[in-house]
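One point on numbering: in this note's numbering, the residue at position 12 of the sequence shown is 139, and numbering is uninterrupted.
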Amino acid sequence: MTIYLTSHTLDGSNGKHAAGIPVRLEHVKSNLIIIKGMMDEGGRFSAEIPSKKIIKGDLYDIIFSVTEYWNKDLKNTDNENVIDEIVVRFRITSSTKYHLPVIISPNSYSIWKSS
Numbered sequence: 128m129t130i131y132l133t134s135h136t137l138d139g140s141n142g143k144h145a146a147g148i149p150v151r152l153e154h155v156k157s158n159l160i161i162i163k164g165m166m167d168e169g170g171r172f173s174a175e176i177p178s179k180k181i182i183k184g185d186l187y188d189i190i191f192s193v194t195e196y197w198n199k200d201l202k203n204t205d206n207e208n209v210i211d212e213i214v215v216r217f218r219i220t221s222s223t224k225y226h227l228p229v230i231i232s233p234n235s236y237s238i239w240k241s242s
């Protein structure tokens with residue numbers, strides 16, 4: 128069985144896709160990085176994870192590293208970013224599809240599980 132993990136990042140400050148954000152999935156107990164990648168030009172990330180890399184019922188963190196995105200975007204404004212990473216902890220169960228879209232702004236974010 129393969130686990131499908133997808134995400135879509137939108138910049139809440141301008142309504143555009145948030146491209147170029149590094150993303151990684153870590154197993155909480157072992158701190159092992161399961162996968163890592165980057166949001167594409169459309170602000171999307173997609174990964175197929177072989178079931179042998181996943182322990183069902185365990186917790187995982189999906190981590191969005193937003194510092195560089197905001198550093199380039201905010202350098203000519205008075206805004207300041209205080210969030211370096213968005214860490215979302217979730218449990219992988221019997222579901223095979225996890226879509227976790229996120230809306231980001233310099234100092235807040237909103238995330239949910241979608242189908």
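Where is the CB? At the ideal position from N, CA and C, for every residue including glycine.
In this text the structure is predicted, and so the values were computed from the model without any measurement.
A direct Cα-Cα distance of roughly 5 angstroms separates Ile161 from Leu152.
When rounded, the separation of the alpha-carbon atoms in Ser178 and Leu159 is 15 angstroms. Considering only Asn208, Val229, Asn141 and Leu186, the residue with the shortest C-alpha distance to Met166 is Val229.
The residues Thr136, Leu137, Asp138, Met166, Gly170, Tyr196 and Ile231, in chain order, have a CB closer than 7 angstroms to that of Ala145 in the same chain once the five nearest residues on each side in sequence are set aside. By DSSP's assignment, Tyr187 forms a beta bridge with His154 and Phe217. Excluding sequence positions up to five before and after Ser140, its CB lies within less than 6 angstroms of the CB of Ser232, all in the same chain and listed in chain order.
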